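Read the structure below first, then the notes.
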Amino acid sequence: MVQTTDLSKRFERVQALDGATLSVPPGCTGLLGPNGAGKSTLIKLLLGLLTPDRGEARVEGFDSTRQALAMRAIVGYMPEHESLPSDWMAQDFVRYMAELHGLPSRVAIQRASDTLFHVGLGEERYRAIGGFSTGMKQRVKLAQALVHDPRVMFLDEPTNGLDPAGRDEMLVLIDRIAHEMGINVILSSHLLADVERVADHVVILSTGRVVAQGALRALMTATPAVTVRTQDGALPLAEALRRRGYTVQIEGQELHVEYESDDVYDAIRDAAVETDAALVHLKRRVLTLEDIYLAGQDDSPPNGARDGAGRAVAAAGASGAGGQEP
Amino acid sequence: MTTEITPTSRTEPSEASRAATGRPGPGVPATIEVEGVSKWYGDKVAVSDLTFALGPGVTALLGPNGAGKSTTLKMLTGQLRPSRGAVRVLGQPVMDNPPLYRRIGLVPEQEGLYPFLTGREFVELAAQLHRLPRPRQAAEEALHTVEMLDAADRRLGGYSKGMRQRVKIAQALVHDPDVLMLDEPLTGADPRQRLALMETFTRLGAAGKTVLISSHILYEVERMGSNVLVIVNGKLAAEGDFHAIRALMDDRPRRVRVTCSDPRAVAARLVALPGTLSVSVESDALVAETAAPLEFHHAVSRAAQGAEARLYGIEGLDEDLESVFRYLVSR
Amino acid sequence: MSEQVAGARIIDRGYQHYDGARLGLTHATRVMTWAAIKRALGIRRPFRHKILPWLLLLVSFGPAAFLLAFRVFVPAALGNNLPSYDSIYNRLTAVYLLFAGLAAPDLLCADRRERVLSLYFAAPITRLRYVASQYAGLVCLLLLMTLVPMLVLFAGNALLANSAWDYLRQHTDDLWHIMLSGALTAVYFSALAVAVASFTDRRAYATGTYVGLLLVSGVVSAILVRIVHFSGSEWLALINLVFLPVRVIRGLFDVPAEPALNPWACAGVMLGLIAVSLSLLVWRYARIRD
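Protein chains in written order, with the numbering used here: chain A, 21 to 346; chain B, 6 to 336; chain C, 17 to 306.
So, in structure tokens, the structure goes:
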């Protein structure tokens with residue numbers, strides 16, 4: 021669906037992308053990476069807004085540099101910045117964007133209206149964008165990216181500035197777009213939890229290179245540990261499990277039980293009955309996207325600074341914070 | 006990927022950090038006290054009758070967009086005069102009290118940076134304004150904390166949003182304030198920077214500083230502390246430890262998902278519990294609603310054992326901060 | 017698809033894909049040009065954006081309308097000295113100038129400042145087509161002001177003459193001169209305005225700079241011509257950017273201008289300025305990196 025081969029781009033002293041090779045299958049793909057890793061450069065190269073120094077970028081078979089116009093007709097883009105004209109009505113702007121993407125006027129008007137309804141802005145579509153809240157503006161941006169029925173959508177930090185309810189709604193929309201409407205989505209975000217929620221695949225960049233890519237569920241492998249949390253009585257439960265021959269580590273009210281086979285689940289159940297423990301949480305521990313992401317970034321300096329030769333300029337400082345229970 | 010990835014473990018909270026819960030208590034005086042504070046602009050009421058007290062530790066200020074969080078923060082730092090009520094920080098009134106500002110650090114959401122200064126110059130300027138004995142060194146430390154040392158000698162005008170944000174945090178930290186107020190401090194930060202900053206704020210809270218963070222990203226906020234202030238429509242909707250707030254919500258039964266090998270059989274036994282309000286059965290799990298969660302959690306293993314079912318997972322579906330927040334907003 | 021069961025159906029209102037025609041660059045360019053025209057006239061925008069453009073539009077029709085009205089209703093009041101086409105162009109220069117100076121920043125600056133260009137350039141259009149369409153839209157509107165009133169006046173004169181056909185045959189030259197004058201004036205003021213607007217993000221600065229530049233050129237030129245005297249120093253009058261089109265127009269209509277300069281040379285300078293302005297415009301937009 022989206023492919024790059026040895027894609028490279030340099031800006032003055034900074035090598036923004038260095039031989040990035042990736043292949044994104046259909047579905048929803050998360051694009052992750054530290055600031056300065058080349059995410060925005062990659063998106064701009066894919067959209068044909070920049071020409072690469074080396075290598076090739078293809079979107080749905082179109083060469084981003086040589087077939088840019090044909091490619092952009094089937095691509096939608098939701099940039100990170102506000103990027104909306106404040107004195108246009110939402111309906112007019114979305115219609116205009118549809119027309120710029122090749123839709124005839126009648127169709128554009130109808131689809132603009134429909135798309136604004138789909139993103140939840142039906143009632144407000146005849147109001148000027150300048151008066152919209154952040155959440156509404158993000159929806160307009162989404163609508164203009166969607167209106168011309170693209171085959172691929174690039175979304176850059178789509179939940180920026182949204183409150184919890186707005187973020188939830190936006191993620192539901194993105195999920196629907198990728199999984200119900202059959203439009204491929206490439207989602208660039210710093211919020212790993214967002215990506216974990218909607219993405220099928222991830223591509224992780226670091227210092228201009230691809231350090232990981234693959235299906236999310238495949239990357240989020242199970243670890244040899246089962247996490248158990250009790251309301252109280254963690255110690256007796258741990259003892260009961262140890263008596264059954266399992267290795268247990270305790271952290272407060274949380275137990276980490278070594279997993280060798282599914283039998284451990286029965287042991288935990290029986291030990292809980294034996295000690296009358298209230299099991300509040302029980303789950304096989306799985307790598308989170310955060311774990312995967314951090315592992316790929318281990319050797320990059322926290323300050324993200326690189327000189328022209330790509331050498332790390334400062335040593336890594338901060339240690340990783342706690343792994344999150346999925 | 007061939008290298009093995011191990012999940013990183015949580016660090017055990019120390020005694021000191023357990024004490025710094027964000028709430029005042031016996032032996033822990035309140036650092037921020039707000040009493041009957043309201044703010045209106047003509048006919049429009051931004052904030053109405055707020056009363057709360059915060060102590061050392063991390064507290065999250067939450068609320069939907071437009072609820073009055075920014076107004077509240079501005080009143081807490083003395084930038085805005087309340088229409089009614091009093092705000093005291095560290096025991097003193099915060100309005101027109103310049104000496105007090107040296108003990109408060111603020112990271113506002115809006116930009117107010119001079120594009121022609123470098124990051125270092127900007128933070129040093131803040132240090133000098135606070136009349137620190139060694140401004141250069143203080144600035145260096147603050148910049149190090151936010152991981153901006155490498156880019157410190159470039160002009161602010163050329164910074165990305167995330168870099169500007171971190172420099173703002175540095176200038177708020179440079180004078181080692183006792184009270185730190187941050188409005189969406191993680192904006193623009195990449196995942197690793199977010200973790201590092203979250204760790205910094207947690208550490209500051211554990212060290213006895215009062216850290217008030219306004220943020221929309223609830224799953225991050227809940228990693229830094231569990232004390233919350235929730236503002237909805239200009240009014241205080243809830244304050245305190247969000248787990249305790251959840252426990253107070255009698256009208257919202259707990260939803261628990263139990264993944265097991267024979268959901269139907271286990272469900273049958275769980276339905277028998279007097280506290281169980283409903284159980285829905287899926288192919289590999291059951292989702293129960295219970296008004297007596299503790300009894301339920303005690304009963305699950307017994308029910309599974311009795312049904313000779315293997316218990317793969319137990320998960321509370323609405324215990325997290327996002328769920329609590331959603332319930333509070335929709336009341 | 018919809019579900020149908022004996023006499024009832026639920027219609028799917030969900031997202032519909034689009035499998036129809038996707039029109040090309042020409043369509044997009046036409047759409048952008050139209051959008052520029054509508055925007056400059058304040059159409060689909062709050063009322064205050066309509067006041068000035070429509071006012072200026074009306075004023076540009078004023079002289080022609082008045083002249084014809086007088087000739088029809090009160091011919092005696094006019095006497096024999098009818099204002100000529102070139103003098104009307106001269107009087108209306110300020111109107112054309114002002115319209116271009118207000119419209120060009122409106123068309124170009126806001127899109128840059130609000131970063132809407134990121135969206136436009138990610139659409140299947142080229143930067144060249146984008147700026148060309150904004151320019152074309154402005155030129156169309158100025159043509160409406162510089163050409164149409166004169167053509168109406170010409171048509172009016174023809175109809176009021178004893179024989180319209182005779183008038184037409186005798187004054188065909190006038191017709192061509194009107195077309196050329198109108199076109200040059202429209203293209204010229206638009207080019208200067210878009211060039212200035214491409215250098216700043218703020219509408220007010222752009223309008224101010226444009227108007228200021230033109231006025232200052234007039235003042236400087238007047239002063240220099242009076243105080244500096246050397247052979248060929250009368251060419252300093254060309255510094256007056258405002259009066260340049262009228263020089264060429266007067267040349268076309270064979271009316272002497274003050275100081276007398278070869279109208280071909282003036283035309284050359286004018287075309288040169290247009291070329292430079294448009295080059296600057298394209299250059300500025302080629303450099304934008306969002």
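Glycine is no exception: its CB is placed at the ideal position from the N, C-alpha and C atoms.
Every value quoted in this text rests on a predicted model; they were computed, and no experiment measured them.
Can you name, in chain order, every residue of its own chain whose Cβ lies under 8 Å from the Cβ of A/M173, other than the five neighbours on each side? Result list for A/M173: V95, G96, Y97, M98, A165, L166, I197, I203, N204, V205, I206, in chain order.
Taking the C-alpha atoms as reference points, what is the distance between A/R86 and A/R92? Take the alpha-carbon of A/R86 and the one of A/R92: they are about 12 Å apart.
Would you grab the beta carbon distance between A/A347 and A/L257 for me? Rounded to a whole angstrom, and I think it's under 8 Å. The structure shown does not extend to residue 347 of chain A, since chain A is modelled only from 21 to 346, so the question has no answer here.
Residue-level contact to chain B via CB, A/K303, 9 Å cutoff: Chain B places a beta carbon closer than 9 Å to that of A/K303, counting this residue as a contact.
Do three or more CB pairs link the stretch 182-200 of chain A to the stretch 219-228 of chain B at distances below 8 Å? Of all C-beta pairs linking the stretch 182-200 of chain A to the stretch 219-228 of chain B, three or more are shorter than 8 Å, placing the two stretches in contact.
Neighbour-count burial assignment, A/G68, 16 or more Cβ in a 10 Å radius: With at least 16 other beta carbons inside 10 angstroms of its own, A/G68 counts as buried.
Classification of C/A37 by the beta-carbon crowding that lies within 10 angstroms, buried from 16 upward: By the neighbour-count definition (other C-beta atoms within 10 Å, threshold 16), C/A37 is an exposed residue.
6 Å CB neighbourhood of A/H168 in its chain, flanking five on each side removed: Contacts found: A118, H121, L123.
I'd like to know if C/S134 contacts chain A, where contact means its C-beta is closer than 9 Å to some C-beta of that chain. C/S134 counts as touching chain A.
Spatial neighbours of C/N173 within its chain, please: CB distance less than 7 Å, with the 5 preceding and 5 following residues excluded, ordered by chain position. The answer, listed in chain order, is Y183.
So what does A/L42 bridge to, in DSSP terms? Looking at the DSSP assignment, A/L42 forms a beta bridge with A/T24.
Suppose the cutoff is 7 Å on Cβ atoms and the five residues either side in sequence are ignored; what does the same chain contact list for C/L191 look like? Excluding the 5 residues flanking it on each side, C/L191 has same chain C-beta neighbours closer than 7 Å at F170, in chain order.
In chain order, which alpha helix (DSSP H) runs of at least 4 residues are fully inside the stretch 122-205 of chain B? For secondary structure counted as the alpha helix (DSSP H) over 4 or more consecutive residues, the stretch 122-205 of chain B holds these complete runs in sequence order: 124-134, 140-150, 166-178.
Is the stretch 38-51 of chain C close to the stretch 127-147 of chain C, with three or more CB pairs under 8 Å? Yes, the stretch 38-51 of chain C touches the stretch 127-147 of chain C.
Between the stretch 143-167 of chain A and chain C, which residues of the former have a C-beta closer than 7 Å to a C-beta of the latter? Only Q164 from the stretch 143-167 of chain A bring a Cβ to less than 7 Å from some Cβ of chain C.
For A/S125, would you say it is in contact with chain C, using Cβ-to-Cβ distances shorter than 9 Å as the test? Answer yes: the Cβ-Cβ gap between A/S125 and chain C drops below 9 Å somewhere.
Should C/R60 be flagged as near chain A, meaning a C-beta pair shorter than 9 Å? It does; some Cβ of chain A falls within 9 Å.
Is the distance from the Cβ of B/P34 to the Cβ of B/G124 below 9 Å? Cβ distance not < 9 Å, so B/P34 and B/G124 don't count as in contact.
Nearest-angstrom Cα separation, counted from C/S293 out to B/L191: Linking B/L191 to C/S293 through their CA atoms gives a straight-line distance of about 45 Å.
Per-residue DSSP class, three states only, for C/R143: C/R143 falls in the helix class under three-state DSSP.
Give every residue of the same chain whose Cβ lies closer than 8 Å to the Cβ of B/L202, excluding the five residues on either side of it in the sequence, and list them in chain order. So the list reads V151, R171, I174, P190, L191, A194, once near-sequence residues are dropped.
Under the DSSP definition of a beta bridge, which residues are partnered with A/Y97? Paired residues: A/F174.
Sheet register partners of A/V34 (DSSP bridge): As a beta-bridge residue in DSSP terms, A/V34 pairs with A/F31.
Between B/A381 and B/A25, which are expected to be in contact by the criterion C-beta below 8 Å, what is the C-beta distance as a whole number of angstroms? Since the first residue shown for chain B is 6 and the last is 336, residue 381 of chain B is missing from the structure and cannot be characterised.
Pairwise C-alpha distance: A/G151 and B/Y46: When rounded, the separation of the alpha-carbon atoms in B/Y46 and A/G151 is 19 Å.
With a Cβ-Cβ cutoff of 9 Å, do C/L73 and C/L160 count as a contact? A contact, by the Cβ cut-off of 9 Å.
Using a Cβ-Cβ cutoff of less than 7 Å, which residues in the same chain neighbour B/L118 once the five nearest sequence positions on both sides are dropped? Cβ contact annotation for B/L118 (same chain, cutoff 7 Å, sequence separation greater than five): F127, L161, R169, in chain order.
A/G223 at chain B interface by Cβ criterion, 9 Å: The displayed chain sequence assigns Val, not Gly, to residue 223 of chain A. False, the Cβ-Cβ gap to chain B never drops below 9 Å.
Please report the distance separating the alpha-carbon of B/S335 from that of B/E227. Taking the Cα positions, B/S335 is about 20 Å away from B/E227.
Between which two residues does the alpha helix (DSSP H) harbouring A/Q87 extend? First-last for A/Q87: undefined, no H or E at that position.
Please check if any C-beta of chain F sits within less than 9 Å of the C-beta of A/R33. Chain labels in this structure do not include chain F; the protein chains are A, B and C.
Taking A/P54 as the query, report the chain B residues whose CB atoms sit under 8 Å from its CB, ordered along the chain. Chain-order list of chain B residues neighbouring A/P54: D195, P196, R197, Q198, by C-beta distance under 8 Å.
Skipping 5 residues on each side, what residues in its chain have a beta carbon closer than 7 Å to that of B/T205? In chain order, T150 place their CB closer than 7 Å to the CB of B/T205, counting only its own chain and leaving out the 5 sequence neighbours on each side.
Buried or exposed for B/P104, going by 16 or more other Cβ atoms inside 10 Å? That one is exposed.
Short check: CB of C/L289 to CB of C/L208, under 9 Å? Taking 9 Å as the cut-off, the beta carbon of C/L289 is found closer than this to the beta carbon of C/L208.
Mind checking B/T56: buried by the 16 CB within 10 Å criterion, or exposed? Result: exposed.
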